[in-house]
Amino acid sequence: MAPVQGGLGKIYLVAENRVLKINSFNIGSSKPAAEVFFGPVPGQEELIEIIGLSVSTLSSSVFINIKNRGLFAYMTRGQLLWSVGPVIYRFGYQLGCRKNVTDCYFTSVPVIDQCEASIYISNTEGELYSLSVRSPYFKWIQDFSSLDKYYTITPGNNGRLYVTVPARALVLALDVSTGTVLWQGSIGPLSTTECAPVVDSNGWVSVGSLDGFLYSFSPTGILKKFSKADTLNCVIQVAPLLDCSGYAVYFSQTEMEGKISQTIDEYTYVSAMRPKTVIFTLLVPATGFTYWSERYPDQFSSSLSESDLHQFVLDEGILLAFVAASKTGNPLQCRTKRQKCASSCSQAKPKYLSIYTGNERAIILFLLFESAVLVMLAGLVWFCCIFWRKKKVQGQDLGSFLEKRRSLQLRKKVFDRTITELEQKAAEQAVANEVFEKLGDMVQERERIERKLSTTYSLGRDRASSQSKSMLPLYDVKTRSYSFLGANKESVKVFHTLSDTSSEESGSEKYTHWGFHEEELAAKAKAKAKAPAESSSDDGICETDYQSSPSETTSSSRGFINPLNGVQESGEVKLHDKEVKSLQTGSRLSLKRRRALSSTN
Numbered sequence: 001m002a003p004v005q006g007g008l009g010k011i012y013l014v015a016e017n018r019v020l021k022i023n024s025f026n027i028g029s030s031k032p033a034a035e036v037f038f039g040p041v042p043g044q045e046e047l048i049e050i051i052g053l054s055v056s057t058l059s060s061s062v063f064i065n066i067k068n069r070g071l072f073a074y075m076t077r078g079q080l081l082w083s084v085g086p087v088i089y090r091f092g093y094q095l096g097c098r099k100n101v102t103d104c105y106f107t108s109v110p111v112i113d114q115c116e117a118s119i120y121i122s123n124t125e126g127e128l129y130s131l132s133v134r135s136p137y138f139k140w141i142q143d144f145s146s147l148d149k150y151y152t153i154t155p156g157n158n159g160r161l162y163v164t165v166p167a168r169a170l171v172l173a174l175d176v177s178t179g180t181v182l183w184q185g186s187i188g189p190l191s192t193t194e195c196a197p198v199v200d201s202n203g204w205v206s207v208g209s210l211d212g213f214l215y216s217f218s219p220t221g222i223l224k225k226f227s228k229a230d231t232l233n234c235v236i237q238v239a240p241l242l243d244c245s246g247y248a249v250y251f252s253q254t255e256m257e258g259k260i261s262q263t264i265d266e267y268t269y270v271s272a273m274r275p276k277t278v279i280f281t282l283l284v285p286a287t288g289f290t291y292w293s294e295r296y297p298d299q300f301s302s303s304l305s306e307s308d309l310h311q312f313v314l315d316e317g318i319l320l321a322f323v324a325a326s327k328t329g330n331p332l333q334c335r336t337k338r339q340k341c342a343s344s345c346s347q348a349k350p351k352y353l354s355i356y357t358g359n360e361r362a363i364i365l366f367l368l369f370e371s372a373v374l375v376m377l378a379g380l381v382w383f384c385c386i387f388w389r390k391k392k393v394q395g396q397d398l399g400s401f402l403e404k405r406r407s408l409q410l411r412k413k414v415f416d417r418t419i420t421e422l423e424q425k426a427a428e429q430a431v432a433n434e435v436f437e438k439l440g441d442m443v444q445e446r447e448r449i450e451r452k453l454s455t456t457y458s459l460g461r462d463r464a465s466s467q468s469k470s471m472l473p474l475y476d477v478k479t480r481s482y483s484f485l486g487a488n489k490e491s492v493k494v495f496h497t498l499s500d501t502s503s504e505e506s507g508s509e510k511y512t513h514w515g516f517h518e519e520e521l522a523a524k525a526k527a528k529a530k531a532p533a534e535s536s537s538d539d540g541i542c543e544t545d546y547q548s549s550p551s552e553t554t555s556s557s558r559g560f561i562n563p564l565n566g567v568q569e570s571g572e573v574k575l576h577d578k579e580v581k582s583l584q585t586g587s588r589l590s591l592k593r594r595r596a597l598s599s600t601n
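Sequence positions in the sequence shown follow full-length UniProt numbering and run 1 to 601.
See the structure below:
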């Protein structure tokens with residue numbers, strides 16, 4: 001296995017059943033350059049087979065895949081963070097290795113997505129796992145055993161994960177959030193099962209094929225094919241490499257003396273004779289622009305003869321790594337690993353998952369219907385809480401209760417209509433006192449019905465024996481009043497006073513239309529008109545017989561207010577000049593009438 005860079009001059013290397021950590025800064029110093037990072041305890045040698053090794057520089061973690069033991073996560077200082085096997089049980093369900101539990105284990109190198117902070121690893125049954133870097137919990141598991149059990153995993157660091165299936169010559173793009181396949185594309189036959197594509201900073205994934213073409217897919221699955229020579233006798237045996245900028249790729253085409261391709265069933269077999277030349281090319285897959293291209297051994301031989309590589313047996317893989325590391329023919333500016341990761345991570349677009357799948361219109365109608373049902377249920381509960389909570393209603397039938405409310409509403413309408421007719425009649429012409437009394441009674445009855453219909457009213461109050469107080473009386477229970485608009489749209493208030501039961505009139509009613517005492521009126525008239533006026537306790541503007549209750553004082557019994565002309569201040573009544581004259585004239589007429597009646601009798 002190739003060594004893995006760990007950042008800050010550290011390199012991790014697998015040596016048999018151990019993992020060594022090499023510090024390049026300690027080379028040439030007194031400090032040891034290498035130390036055992038992971039391995040069996042001295043004196044207790046264990047049979048450990050290390051399958052894969054990965055290092056996350058962002059989380060400062062090292063991940064080691066040990067055969068038949070699982071995946072282990074260590075801090076760079078050597079502390080164990082967590083470990084997990086290919087089989088896990090959650091809520092009574094088995095996740096992973098569902099077809100074979102006994103001989104199932106992780107088989108691939110753990111691959112790290114720097115943008116998503118996720119780890120991807122596969123097992124012997126063809127299942128692909130997505131784990132979190134910080135915890136041993138699985139995000140999702142995808143089964144690709146229907147395609148093949150062996151495939152390579154390449155993180156895109158752009159919201160996608162690429163799976164290459166060499167046996168089927170397929171490249172699949174997966175969504176890193178759910179593991180669903182976004183798109184898939186066919187490529188030519190691959191040289192080995194370990195041949196993996198590379199993903200540049202533009203999001204293009206590129207892989208070489210034995211048919212001599214470089215296959216490049218865009219982030220949406222658009223395919224481009226590149227070749228710098230005649231593909232009839234050319235092959236690409238080595239996976240391409242990224243340049244230092246992250247936007248271009250280096251790849252090599254090997255020209256053979258002869259090549260034969262043969263397809264049997266679903267597989268393509270390629271046979272080739274010895275190589276003649278190798279063509280190295282630097283291009284940008286997103287634009288198709290070629291920056292540099294040379295042949296070996298020809299144009300490229302002079303530069304290799306000046307290096308130490310001429311002492312080794314070379315193949316395309318070593319030469320391609322040398323060219324990429326030396327930035328040969330690369331005019332692009334190099335970027336750090338963090339800059340390249342930030343550029344590719346910015347291409348990832350968050351996707352909002354929909355809970356419901358299907359007809360959106362039907363879903364909206366169903367939600368509206370469900371909301372209407374909930375509103376109706378809430379109204380029914382409110383109705384029951386308001387009415388059934390009353391003790392009077394709890395013992396009665398709900399049907400009779402509603403019937404009683406309907407009858408009260410009908411009675412209220414009848415009273416409203418009758419009161420309106422009486423008001424019009426009273427405003428147009430003078431009517432008898434019996435009409436005013438009837439009008440006042442009907443107003444009181446209507447108010448009582450309105451109180452019964454209110455939500456806070458108990459049904460126990462509508463018994464015949466319970467007589468509620470009227471809202472109209474201004475002073476005491478023996479005095480009633482009623483207001484209406486006159487013919488000239490003037491506000492007129494009528495006072496109806498009941499006589500005391502102990503009166504000599506034996507319960508007969510007397511009516512006070514304007515309740516001013518005649519003595520007070522006469523005094524005001526003398527002061528204003530400077531003319532003598534007769535004053536008597538049995539004379540007045542209107543016939544008055546107001547008797548107060550024993551608890552009331554004499555002054556209070558005479559303190560009525562004329563709502564049209566009079567204003568009461570400190571027990572005195574102030575009148576205008578015209579009103580006083582009118583009162584004096586009315587007083588004289590009343591005296592004349594009384595004297596005429598007396599003489600007749």
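Idealized CB from N, CA, C, for every residue including glycine.
**OP:** Taking only the alpha-carbon atoms, compute the straight-line gap between proline 42 and leucine 332 and give it to the nearest angstrom.
**Re:** 50 Å
Subject >> Proximity winner among Pro219, Val207, Asp265, relative to serine 252 (alpha-carbon distances) >> reply: Val207
Original post:
Ends of the beta strand (DSSP E) at phenylalanine 213?
Top reply: Phenylalanine 213 -> no beta strand (DSSP E), and no H or E assigned at all.
**OP:** Can you give me the Cβ contacts of leucine 422 inside the same chain, cut-off strictly under 8 Å, excluding the 5 residues immediately before and after it?
**Re:** Val435, Lys438, Leu439, Met442
**OP:** Give the straight-line distance between the Cα atoms of phenylalanine 63 and serine 371, rounded to the nearest whole angstrom.
**Re:** 52 Å
**OP:** Check each candidate in Thr154, Gly179, Ser216, Thr287 and name the one with the smallest Cα separation from lysine 139.
**Re:** Gly179
Original post:
So is arginine 160 buried or exposed if we call it buried at 16+ other beta carbons inside 10 Å?
Top reply: buried
Original post:
With DSSP run on the structure shown, which of helix, strand or coil describes alanine 321?
Top reply: helix
Subject >> Inter-stretch contact at 8 Å, needing at least 3 Cβ pairs: the stretch 229-238 / the stretch 253-269 >> reply: yes
Subject >> Nonlocal neighbours in the same chain, by C-beta distance under 6 Å from residue 659, ignoring five residues either side >> reply: An answer regarding residue 659 cannot be provided, because it is not within the stretch 1 to 601 covered by the chain.
**OP:** Could you work out which residue in Ser201, Thr154, Thr220, Asp175 is closest to glutamate 194 when comparing CA atoms only?
**Re:** Thr154
Original post:
Between leucine 95 and the rest of its own chain, which residues show a CB-CB distance below 8 Å, the 5 nearest in sequence each way excluded?
Top reply: Val87, Ile88, Tyr89, Phe138, Ile141
Subject >> lysine 438 (DSSP reduced to helix, strand or coil) >> reply: helix
Original post:
Going by Cα to Cα distance, which pick from Asn17, Ser60, Glu49, Leu53 is closest to glycine 39?
Top reply: Asn17
**OP:** Leaving aside the five residues before and after threonine 152 along the sequence, list all residues of the same chain whose C-beta is less than 6 Å from its C-beta, in chain order.
**Re:** Thr164, Ala196
Original post:
Within the chosen definition, does the stretch 114-128 reach the stretch 315-326 through at least 3 CB pairs nearer than 8 Å?
Top reply: no
Subject >> Contact check, aspartate 148 vs arginine 168, beta carbons under 9 Å >> reply: yes
**OP:** Report all residues from its chain with a CB closer than 6 Å to the CB of serine 54; omit the five preceding and five following residues, and keep chain order.
**Re:** Phe63, Pro110, Ile112
Subject >> Residues near threonine 107 in its chain [Cβ-Cβ closer than 7 Å; skip 5 each side] >> reply: Ile51, Ser122, Asn123, Thr124
**OP:** Sort out for me which residues DSSP pairs glutamine 184 with in a bridge.
**Re:** Leu172
**OP:** Would you mind sorting phenylalanine 91 into buried or exposed? The rule is 16 or more other CB atoms within 10 Å of its CB.
**Re:** exposed
**OP:** Between the Cα of glutamate 266 and those of Cys334, Leu374, Ser186, Gly329, spot the shortest distance and give me the residue it belongs to.
**Re:** Ser186
Original post:
serine 135 by DSSP, collapsed to three states: which one?
Top reply: coil
**OP:** Please list, in chain order, all residues of the same chain as isoleucine 347 whose beta carbon is under 6 Å from its beta carbon, the five residues on each side excluded.
**Re:** Residue 347 is actually glutamine in this sequence, not isoleucine. Excluding positions up to five away in sequence, the list reads Asn158, Gly203.
**OP:** Provide the residue span of the beta strand (DSSP E) that contains alanine 73, from first to last.
**Re:** 70-75
**OP:** Following the continuous alpha helix (DSSP H) through glutamine 339, name the residue where it begins and the one where it ends.
**Re:** 337-345
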